[in-house]
Amino acid sequence: MYATTYHRPASLAEASALLANADEAKILAGGMTLLPTMKNRLAAPSDLVDVGRLAELAGVSLAGDTLTIGAATKHYEVAGSATVKGAIPALAKLAGGIGDPQVRHMGTIGGSISNNDPAADYPAGLVGLGATVTTSKRTLAAEDFFAGLFSTVLDAGEIVTKVSFPVPAKAAYAKFPNPASRYAMAGVMVVKARDGSVRVAVTGAGGNGVFRWHAAEAALAASFSAAALDGLSVDAGDLMSDIHGSSEYRANLVKVMTQRAVAAAG
Ligand SMILES: Cc1cc2nc3c(=O)[nH]c(=O)nc-3n(C[C@H](O)[C@H](O)[C@H](O)COP(=O)(O)OP(=O)(O)OC[C@H]3O[C@@H](n4cnc5c(N)ncnc54)[C@H](O)[C@@H]3O)c2cc1C
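Just so we're aligned, residue 9 is where the sequence shown starts under my numbering, counting upward by one.
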């Protein structure tokens, strides 16, 4: 690991100033991705700005029909939160299925979505639920936040502060985990919103990261049942193919996970 200077700011404003004034600073949250990258000498930030303990990025709250989760909230907190379980149990389940206990006790929702690993679970959760991402500069729809593999629209020094989710009528997340890492080979969030619209968001499979399966959304809007998907298939040409599975295998997984999520959502 190359030498770096560690900072623990006391406020969001101090964090932003540190990021603006350093040569090549990186935001540090749970460190589950960034620290291994640095240890492997694939990243060499001059400064690390630790946002993990900022009060402005902490906490889970429910106001009306909106569930808000601070960016520094760890996966185990989301998984165990009575507020999340009561409002959007599918989101608690998603968080509880991330990695292993060590990863869940360090990794954060803000770090996960900022990293935007194509096999990470939260991108499907955010896009499926129609979430809103708030940063130190602006507020964005989740679909406008993710920008392809390991890529987001975040500017340098821009800090994700919270994610807000509209409480749906029903939702479920089904994931086929890679047996080694637990990352998604295919993970699907199926959501029926309170206005009756349906969203199906897929992670782990898309050649360009998280995507919505619009044909499944239309079929489920007409009839919210696993059988409504029987005649549909995902185009394998748009999916990832790697040592873990071919694109054809993933296409089948996406359909099966979608059907399981619909059945679980009831
Ligand atoms: C063994 C292992 C298994 C895993 N399995 C899964 C899995 O099954 N599913 C899954 O979804 N994930 C999985 N992960 C990823 C993990 O859940 C973390 O979410 C992820 O590593 C990033 O979160 P972090 O808080 O550790 O971020 P960090 O590693 O600290 O940061 C990651 C990136 O995000 C940036 N960043 C962090 N916070 C912010 C912020 N608030 N605003 C802007 N930028 C920010 C950092 O600068 C860095 O570029 C796994 C990780 C490991 C090591």
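Here a beta-carbon is modelled for each residue, glycine too, at the ideal position from N, C-alpha and C.
Keep in mind the model is a prediction, meaning the values are calculated, not measured.
Cβ neighbour criterion (16 or more within 10 Å) applied to residue i
{"i": "His222", "result": "exposed"}
{"i": "Asn29", "result": "exposed"}
{"i": "Leu157", "result": "exposed"}
{"i": "Pro53", "result": "buried"}
{"i": "Val161", "result": "exposed"}
{"i": "Ser69", "result": "exposed"}
{"i": "Asn123", "result": "buried"}
{"i": "Thr81", "result": "buried"}
{"i": "Gly72", "result": "exposed"}
{"i": "Gly214", "result": "buried"}
{"i": "Pro126", "result": "buried"}
{"i": "Thr211", "result": "buried"}
{"i": "Met9", "result": "exposed"}
{"i": "Ala188", "result": "exposed"}
Inter-residue spacing [alpha-carbon to alpha-carbon] between residue i and residue j
{"i": "Val196", "j": "Lys145", "result": "30 Å"}
{"i": "Leu247", "j": "Asn216", "result": "8 Å"}
{"i": "Pro174", "j": "Ala149", "result": "12 Å"}
{"i": "Asp129", "j": "Lys178", "result": "18 Å"}
{"i": "Ala51", "j": "Leu42", "result": "8 Å"}
{"i": "Ser233", "j": "Val199", "result": "12 Å"}
{"i": "Ile96", "j": "Ala11", "result": "42 Å"}
{"i": "Arg49", "j": "Ala209", "result": "34 Å"}
{"i": "Met46", "j": "Ser89", "result": "32 Å"}
{"i": "Ala273", "j": "Ser231", "result": "13 Å"}
{"i": "Lys93", "j": "Gly239", "result": "33 Å"}
{"i": "Ile152", "j": "Val218", "result": "First, the amino acid is wrong: residue 152 is Asp here, not Ile. The alpha-carbon atoms of Asp152 and Val218 are separated by roughly 11 Å."}
{"i": "His83", "j": "Met40", "result": "12 Å"}
{"i": "Asp203", "j": "Leu228", "result": "14 Å"}
{"i": "Gly78", "j": "Gly253", "result": "34 Å"}
{"i": "Gly38", "j": "Thr147", "result": "23 Å"}
{"i": "Pro185", "j": "Ala21", "result": "38 Å"}
{"i": "Ser159", "j": "Ala235", "result": "35 Å"}
{"i": "Ile167", "j": "Ser19", "result": "12 Å"}
beta-carbon residue i near ligand 3 non-hydrogen atom, thresh 6 Å
{"i": "Met40", "result": "With respect to ligand 3, the structure offers nothing, as its ligand set consists of ligand 1."}
Nonlocal neighbours in the same chain, by C-beta distance under 6 Å from residue i, ignoring five residues either side
{"i": "Ala182", "result": "Val196, Met265, Arg268 and Ala269"}
{"i": "Ala201", "result": "Pro176"}
{"i": "Ala244", "result": "Ser255, Glu256 and Ala259"}
{"i": "Ser172", "result": "Thr74, Thr76 and Thr140"}
{"i": "Val111", "result": "Met40"}
{"i": "Thr13", "result": "Asp55"}
Close beta carbons around residue i, own chain, < 8 Å, minus the five adjacent residues each side
{"i": "Leu26", "result": "His15, Pro17, Ala33, Asp55 and Val57"}
{"i": "Arg207", "result": "Val135, Gly136, Leu137, Gly138, Met197, Val198, Val199, Ala201, Arg220 and Glu225"}
{"i": "Leu237", "result": "Ala224, Ala227, Leu228, Lys263, Thr266, Gln267 and Val270"}
{"i": "Thr91", "result": "Val68, Ser69, Leu70 and Leu75"}
Proximal residues to residue i (C-beta, below 7 Å), its chain only, five neighbours per side dropped
{"i": "Gly133", "result": "Leu99, Leu102, Tyr181 and Met197"}
Cβ distance (whole Å) where residue i is taken to contact residue j below 8 Å
{"i": "Ala87", "j": "Gly104", "result": "4 Å"}
{"i": "Thr169", "j": "Glu64", "result": "6 Å"}
{"i": "Gly60", "j": "Leu36", "result": "7 Å"}
{"i": "Asp131", "j": "Ile121", "result": "At residue 131 the sequence reads Pro, which differs from the Asp that was named. Going by Cβ atoms, the distance from Pro131 to Ile121 rounds to 6 Å, so yes, they are a contact pair."}
{"i": "Ile106", "j": "Arg190", "result": "7 Å"}
{"i": "Lys263", "j": "Ser241", "result": "6 Å"}
{"i": "Gly119", "j": "Ser24", "result": "About 17 Å separates the two Cβ atoms, so there is no contact after all."}
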